[in-house]
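The structure appears below as structure tokens.
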Amino acid sequence: MRRRILFIFTLLTVMISVSLAQDTIRMMQYNLMYYTNNSGISDCNASTNNLDTKDAALKTIFKYVQPTVLCVNEIGPSMTYVSRILDNAINTDGVDYYAHGLLTNYSGGNIANMIYYDTRKLTLCNNYYITTSYRDINGYRFFYNSSDLSGGDTIFMTFWVAHLKAGSGYESVRETQVRQLIQRIESMGSPGNFVFSGDFNMVGSEESGFQAMTNYENSLYCFYDPIQQEGHWNNNAQFASIHTQSTRTSSDGCFVTGGLDDRFDLVMVSPYLYYGSLDMQVLSDSYHAVGQDGQRFNGSVVSPQNNSVPSSVATALYQMSDHLPVVVDFKVNATTSVADRANNFLMNVVNPVRDNLQISLQIDEDAHFTFEIYAVNGQLLAAFDEQLSEGKQTITLPFDFPKGVYVLKAANDKHQQFIQKIVR
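One gets the numbering used here by counting positions in the sequence shown from 1 and adding 77 to each.
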């Protein structure tokens, strides 16, 4: 007969109960429109696309938005441009705590992606890249600088940045690029807090690339539109409030003309961020394009007068790019330990013997519980919801996993949680 080992935990004495201190991470996604002196387009030159002018404009926009994370497209694939933005537009006027990610250009494009981030809140722990037929897709994995970081308690998040192939007739290419990204994430085996942002160059949600994002075969790896605005966006007044391109109605040869009538720039989130399953959640109501008041259909960002932002910011948006930046906030539930709480529970866990896990609880009051089982690499294997009544309760969860080490996380709606290693 196999030996069963009983683990007994009292949350008031052995396991510290948890309260949640909320913080906010703000991200801005921005196509900088050829932030380079080597765009390969003769009309985009030092006169029509002056980098000094762009530096001043981006500085104004950055100070106004104050993002924790800035994801950009169309930066020149050289550290000269990466450092120039950091020094001239971000780390200015006494600010010195922003840093940047790894620059790659394995696909051989004339423009690239980059990320800038606030080191006071985030630490960069991994850089990833995916080569495509046109431009790299880049990933940046961070952990949150929690107050309990020394105890190993933190939150991880990954920002993926892409500039998908533009143009009518390239829908299948965009779908291929999207699938390359999702398959790469899937191969890593750990769904979680993922953001996918960029200039997607899609005319509507009917595009196969968008459908691949939102209806991927393995739903753990799909992406959601935080504002759920599906439809044909191109030249459609119904979506005027979310159009991001173009900021101009006339062109000098470099900036795209036509006014604001496309939703090219998007921020998409994983199911975990959408539902807040892993201590971080998108705040959908915060999602917006800076300078977009819904009154600019086929118009410019500066005319008629734009009262949604200060006039200096509207002018900067006009000067910086033919795209508007997209901003969205994420709520972070940073854990802080407390010595006591009025509501507590006792919990006994029996290491799994056959194909089930037995958990006994002594509960002071009715509560909703979530039980999650993770592999040691952080991959969520199973999740269960239970509404449990006051008193002694015993539940049995299916545990059809091979021999090994796992992690059980139990949490209730009283902001108490329990995390324990289990061995099969």
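By construction, the Cβ of each residue, glycine as well, lies at the ideal position given by its N, Cα and C atoms.
Bear in mind that the values here come from a model prediction, so they are computed numbers and not experimental data.
Have a look at the options and flag the residue whose alpha-carbon is nearest the alpha-carbon of residue i.
i, options, result
"ASP100", "ASP276, PHE407 and PHE446", "PHE407"
"MET397", "TYR111, ILE102 and MET105", "TYR111"
"ASP120", "ASP329, GLU467, TYR483 and SER377", "ASP329"
"GLY117", "LYS131, ILE436 and GLY186", "GLY186"
"GLU263", "THR209, SER347 and ALA176", "SER347"
"PHE236", "PHE341, SER160, ALA391 and TYR194", "TYR194"
"GLN254", "PHE476, SER223 and ARG212", "ARG212"
"VAL142", "LYS486, LEU401 and TYR483", "LEU401"
"TYR395", "ASN312, ASP132, SER223 and THR113", "ASP132"
"ALA289", "ILE167, GLU248, GLN306 and ALA314", "GLU248"
"TYR293", "LYS486, GLN260 and VAL386", "GLN260"
"PHE442", "TYR301, ASP490, GLU467 and ARG431", "Looking at the sequence shown, residue 442 is not Phe but Glu. Considering only alpha carbons, the answer is GLU467."
"HIS320", "PHE300, ARG373 and LYS469", "ARG373"
"SER505", "SER184, ASN295, LEU128 and GLY353", "Shown here, the chain extends from 78 to 501; a query on residue 505 therefore has no answer."
"ASN295", "LYS486, GLN315 and ARG256", "ARG256"
Starting from residue i and walking both ways along the beta strand (DSSP E), at which residues does that stretch end?
i, result
"ILE259", "Careful: ILE259 lies outside any beta strand (DSSP E), inside the alpha helix (DSSP H) at 248-265."
"PRO475", "468-475"
"GLN435", "433-440"
"THR32", "The chain is shown from 78 up to 501; residue 32 falls before or after that span and cannot be answered."
"TYR206", "199-207"
"TYR217", "214-221"
"TYR364", "357-366"
"LEU241", "Run containing LEU241: none; DSSP gives neither H nor E here."
"GLU294", "Unbroken run through GLU294: none, as it is neither H nor E."
"CYS148", "146-152"
"TYR194", "189-195"
"LYS462", "In the sequence as displayed, the identity of residue 462 is Asp instead of Lys. Segment 457-465, the beta strand (DSSP E) holding ASP462."
"GLY275", "271-276"
Apart from the five residues on each side of it in sequence, which residues of its chain come closer than 7 Å, Cβ to Cβ, to residue i?
i, result
"LEU457", "PRO268, GLU449 and TYR451"
"SER318", "GLN369 and GLY371"
"THR169", "LYS136"
"GLY481", "ARG501"
"GLU283", "HIS309"
"SER327", "THR334"
"CYS202", "ARG218, PHE219 and PHE220"
"SER389", "THR137"
"ASN115", "GLY153 and ASN187"
Below 8 Å on the Cβ atoms is my guess for residue i versus residue j; work out the distance and round it to an integer in Å.
i, j, result
"PHE220", "THR196", "12 Å between Cβ atoms; not a contact."
"THR473", "ASN428", "Contact flag wrong, Cβ pair sits at about 13 Å."
"VAL367", "VAL272", "The Cβ separation is near 17 Å, so there is no contact."
"ALA391", "ASN383", "4 Å"
"LEU399", "ARG340", "Before going on, a small fix: residue 399 reads as Asp here, not Leu. No, ASP399 and ARG340 are not in contact; Cβ-Cβ is about 14 Å, not under 8 Å."
"MET105", "MET234", "Not really, about 15 Å apart at Cβ, beyond 8 Å."
"ILE232", "SER223", "7 Å"
Confirm, please, whether the CB-CB distance from residue j to residue i is below 9 Å.
i, j, result
"LEU337", "GLY376", "yes"
"ILE152", "ASN190", "yes"
"PRO303", "SER245", "no"
"ILE440", "LEU465", "yes"
"CYS331", "ASN165", "no"
"VAL405", "TYR364", "yes"
"LEU180", "SER155", "yes"
"LEU258", "ILE207", "yes"
"GLN146", "ILE102", "It is Val, not Gln, that sits at residue 146 in the sequence shown. Closer than 9 Å, so yes."
"ASN215", "ALA239", "yes"
"THR113", "TYR158", "yes"
"SER285", "GLU252", "yes"
Among residues of its own chain, excluding the 5 on either side of residue i, which ones have a beta-carbon nearer than 6 Å to its beta-carbon?
i, result
"VAL250", "LYS242"
"VAL149", "TYR107, LEU109 and MET191"
"TYR349", "GLY269, ASN270 and LEU355"
"HIS309", "GLY281"
"GLY335", "SER323"
"ILE436", "VAL426 and ILE472"
"LEU503", "No answer is possible for residue 503: the residues shown for the chain start at 78 and end at 501."
"TYR461", "The sequence given here places Phe at residue 461; Tyr does not occur at that position. Closer than 6 Å at Cβ, skipping near neighbours: PHE448 and LEU474."
"PHE84", "Note on PHE84: pLDDT 36, under 50, position unreliable in the model; the coordinate value appears next. VAL426."
"HIS445", "GLN464 and ASP490"
"VAL386", "GLY368"
"TYR301", "VAL346 and TYR351"
"PHE312", "Looking at the sequence itself, residue 312 is Asn, so the reference to Phe does not match. ASP338."
Taking residue i as part of the alpha helix (DSSP H), name the residues at either end of that continuous run.
i, result
"ALA133", "128-142"
"VAL172", "Counting along the chain, VAL172 falls outside any alpha helix (DSSP H), and DSSP gives it neither H nor E."
"GLN288", "285-291"
"ARG49", "Only positions 78 to 501 of the chain appear in the structure, and residue 49 is not among them; the question remains open."
"TYR349", "348-352"
For residue i, collect the residues of the same chain with a Cβ closer than 8 Å to its Cβ; drop the 5 residues on either side in sequence, then sort them by chain order.
i, result
"ASN454", "Low per-residue confidence applies at ASN454: pLDDT is 49, beneath 50, and the placement is therefore not dependable, though the value from the model is reported in the following sentence. Correct list, in chain order: GLY266 and SER267."
"ASP477", "ASP432"
"VAL403", "MET105, GLN106, TYR107, SER274, THR321, ASP342, LEU343, VAL344, TYR364, HIS365, ALA366 and VAL367"
"PHE277", "ALA239, LEU241, ARG251, GLY286, PHE287, PHE341, ASP342 and LEU343"
"CYS299", "ILE259, MET290, THR291, ASN292, TYR293, SER347 and PRO348"
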